[in-house]
């Protein structure tokens, strides 16, 4: 009986010891899990790792960032900046070196037109000039005789009519010759020619050429089109729901399709008053500066700054994305561990706002932390993200 009791006592003691060990192990596991839970968004780097990753530390800044409306559009010019070159009296193309895309300056020779009729126009003008002195003298003589009642009123009226008709002819011929492109002062000096030079009325570029040397140009034909490059502007398509947000003077940032990361600036100067069939309105923007590579018809992606506010902002590369959320890494400082300098970082979830000039607005949501007091990783955040999540998968909260 005594032996049986001792045996049962030993079993009881073993069970109690086993339960104690199990309980202790459970507590240790809970502590481990608790430690992991606390450290899952923290990263620790050695000094060597810190330098190798190229980590840069900065502060959250207060910057003026605008809320933006994203739209599409094209580079265009107003109608008055598209110039068509023609010859009102027709003629043959004697000379031209213009090609589409050729840049021209105001006053530069574009084309030489030849027409035998031009000689007759100049001859008639010179003849009318030659008759001017005679007809004027005769008119004045008949006027004097009429006043003295020596000559009849009929002769006086005839002389006056001839003189005034010739003056009218001279005026109309001068206007016709100027329209063609002749200098009347040179014609008076005896410079008569069947050819006339046509010069560029604007500085810009040749858009299209519709003729060639030797071809006859009719009065209604367009010889070439020139675009005044000094008046390029951005023409944007804004849908009617967004039109109330767009105002004159607002900043526009736009990028070409072949250079999506190169942002240029313009300013809203006109908001269209009519709504098109697709329920959109045209918005025009003046360029802040001239860009040599811009050409009419180029597609652009644009952002219209509809409002500006001073906000907390960080460089775009400071923000990382994981699990559908956005984070930044706050620098928690350095410490000495086993005679080695270690750097601690903490992942903080942030809410992204608007982005402008490579800076993005952020907020910490419900967090009570003061953004102005946070030291932030401004370069190397993706390296820290990889380190944090790889370490987490391995079962630890820190990387060494």
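Numbering (my numbering), first residue to last: 106 to 505. C-beta atoms are modelled at their ideal positions from N, C-alpha and C, and glycine is treated no differently. The model shown is predicted, which means the values in this text are computed figures rather than measured ones.
N- and C-terminal bounds of the alpha helix (DSSP H) containing residue i
i: residue 344; result: It is not in any alpha helix (DSSP H) - residue 344 instead sits in the beta strand (DSSP E) that spans 338 to 344.
i: residue 335; result: Per DSSP, residue 335 belongs to no alpha helix (DSSP H) and is neither H nor E.
i: residue 424; result: Neither: residue 424 is in no alpha helix (DSSP H) and is coded neither H nor E.
i: residue 237; result: 222 to 252
i: residue 264; result: 258 to 285
i: residue 218; result: Element bounds for residue 218: not the alpha helix (DSSP H) but the beta strand (DSSP E), 214 to 219.
i: residue 292; result: 289 to 293
i: residue 156; result: 152 to 157
Counted within 10 angstroms of its Cβ, other Cβ atoms place residue i as buried (16 or more) or exposed
i: residue 157; result: exposed
i: residue 323; result: exposed
i: residue 341; result: buried
i: residue 492; result: buried
i: residue 133; result: Confidence is the limiting factor: at residue 133 the pLDDT is only 44, short of 50, which leaves the residue's position unreliable and the question unanswerable from this model.
i: residue 273; result: exposed
i: residue 395; result: exposed
i: residue 196; result: buried
i: residue 485; result: buried
i: residue 426; result: exposed
i: residue 312; result: buried
i: residue 176; result: buried
i: residue 247; result: buried
i: residue 318; result: exposed
Neighbourhood of residue i by C-beta, 8 angstroms cutoff - its chain only, sequence neighbours within 5 removed
i: residue 457; result: 424, 431, 465, 466 and 467
i: residue 110; result: Residue placement at residue 110 is poorly supported in this model, since its pLDDT is 41, which falls under 50; the coordinates are not used for a value here.
i: residue 166; result: 417, 418, 419 and 464
i: residue 271; result: 233, 236, 237 and 240
i: residue 469; result: 453, 454, 455, 456 and 476
i: residue 362; result: 403, 404, 405 and 406
i: residue 137; result: Residue confidence is low: residue 137 scores 38 on pLDDT, short of 50, so the model does not pin down where it sits. No coordinate-derived value is stated.
i: residue 139; result: Residue confidence is low: residue 139 scores 38 on pLDDT, short of 50, so the model does not pin down where it sits. Its coordinate-derived value is still stated next. Once the five neighbours on either side are set aside, residue 139 has no close Cβ partner at all.
Beta-carbon contacts of residue i that lie in its chain and below 6 angstroms, excluding the five residues immediately before and after
i: residue 299; result: 219, 221, 223 and 224
i: residue 182; result: 332, 336, 337 and 401
i: residue 152; result: 446
i: residue 489; result: 148, 434 and 450
i: residue 368; result: 358 and 360
i: residue 172; result: 411, 412 and 459
i: residue 201; result: 216
i: residue 494; result: none
i: residue 227; result: 292 and 297
i: residue 448; result: 150, 155 and 439
i: residue 334; result: 309 and 310
i: residue 265; result: 244
i: residue 376; result: 351 and 388
i: residue 321; result: 197
Cβ-Cβ distance between residue i and residue j below 8 angstroms
i: residue 198; j: residue 402; result: no
i: residue 269; j: residue 230; result: no
i: residue 355; j: residue 410; result: yes
i: residue 339; j: residue 188; result: no
i: residue 347; j: residue 150; result: no
i: residue 163; j: residue 481; result: yes
i: residue 506; j: residue 216; result: It is not possible to answer for residue 506, since the shown part of the chain is limited to 106 through 505.
i: residue 506; j: residue 483; result: Nothing in the structure corresponds to residue 506, since the chain is present only between 106 and 505.
i: residue 351; j: residue 388; result: yes
i: residue 391; j: residue 371; result: yes
i: residue 415; j: residue 169; result: yes
i: residue 250; j: residue 242; result: no
Run of the beta strand (DSSP E) containing residue i, from where it starts to where it stops
i: residue 446; result: 445 to 461
i: residue 507; result: No information on residue 507 is available, as it lies outside the stretch 106 to 505 that the chain covers here.
i: residue 364; result: 364 to 376
i: residue 323; result: Here residue 323 belongs to no beta strand (DSSP E), and DSSP marks it neither H nor E.
i: residue 310; result: 309 to 314
i: residue 482; result: 480 to 484
i: residue 465; result: 464 to 468
i: residue 163; result: 161 to 164
i: residue 187; result: 187 to 190
i: residue 358; result: 356 to 361
Cβ shell of residue i (< 7 angstroms), same chain only, five flanking positions each side left out
i: residue 314; result: 203, 204, 205 and 329
i: residue 118; result: Per-residue confidence for residue 118 stands at a pLDDT of 41, beneath the threshold of 50, marking its modelled position as unreliable; no derived number is given.
i: residue 131; result: Note on residue 131: pLDDT 44, under 50, position unreliable in the model; the coordinate value appears next. There are no such residues.
i: residue 479; result: 165 and 435
Nearest residue (CA-CA) to residue i, options the options
i: residue 305; options: 160, 195, 234 and 209; result: 209
i: residue 378; options: 368, 344, 369 and 362; result: 344
i: residue 278; options: 265, 292 and 266; result: 292
i: residue 399; options: 309, 426 and 440; result: 309
i: residue 191; options: 375, 316, 393 and 383; result: 316
i: residue 194; options: 382, 364, 437 and 326; result: 326
i: residue 462; options: 366, 259, 275 and 213; result: 366
i: residue 393; options: 373, 288 and 261; result: 373
i: residue 301; options: 429, 295 and 288; result: 288
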